[in-house]
Amino acid sequence: MALIRATCSDCGDVELRSRDLRVRTCIDTAEATYLFRCPVCRMIEVRAAEDHVVDVLLAAGVQSEDWLLPAELHEVHHGESIDHDDVLDFHHLLSTPDWYTTLTTMTDR
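Just so you know, the numbering used here puts the end of the sequence shown at 1330, numbered straight through with nothing missing.
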């Protein structure tokens, strides 16, 4: 099993076995990342990976997985986007005793 050197944001360079890393590739965008848990601080690190890095990691025996962007990104959305003021208004609404009644009358169609 190959030893691979990676860099943790907090601990610096660490040595990992190929089974300690994973390559993830988005099928929709072809962008790849690799991730690992630092053996020192136990934090999960995720790094962007260019094609040549992916090739080296896969050749070293690192497992890969493909993933898709969420389907919700392709949905058509109607109406205005929710902004910070909307969230604040909703927060204030939830602090009123009749928030549920108010909310149901706002959404009845």
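Every residue, glycine too, gets a C-beta built ideally from N, C-alpha and C. In this text, all values refer to a predicted model and were calculated from it rather than measured experimentally.
Own chain residues within Cβ distance below 8 Å of residue i, not counting five before or after
i	result
Trp1320	Leu1314
Asp1272	Ala1253
Leu1237	Leu1224, Ile1225, Arg1226, Ala1227, Phe1257, Pro1260
Leu1289	Cys1247, Ile1248, Asp1249
Boundaries (first-last residue) of the alpha helix (DSSP H) holding residue i
i	result
Ala1281	Neither: Ala1281 is in no alpha helix (DSSP H) and is coded neither H nor E.
Leu1314	1305-1315
Local Cβ density within 10 Å of residue i, reported as buried at 16 or more and exposed below that
i	result
Ala1251	exposed
Leu1373	Because the chain is modelled from 1222 through 1330, residue 1373 falls outside the range shown and cannot be assessed.
Leu1294	exposed
Ala1270	buried
Other residues of its chain near residue i: CB distance less than 7 Å, five sequence neighbours each side excluded
i	result
Ser1239	Met1222, Ala1223, Ile1225, Ala1281, Gly1282, Val1283
Cys1262	Cys1229, Asp1231, Cys1232
Sequence-distant residues of its chain with Cβ nearer than 6 Å to residue i (five each side left out)
i	result
Asp1287	Thr1246, Ile1248
Arg1241	Checking the sequence shown, residue 1241 turns out to be Asp, not Arg. Counting only Cβ-Cβ distances below 6 Å, and skipping sequence neighbours, we find Phe1257.
Bounding residues of the beta strand (DSSP E) (the contiguous stretch that carries residue i)
i	result
Thr1323	Careful: Thr1323 lies outside any beta strand (DSSP E), inside the alpha helix (DSSP H) at 1320-1328.
Beta-carbon proximity of residue i to residue j, cut-off 7 Å
i	j	result
Pro1260	Val1235	yes
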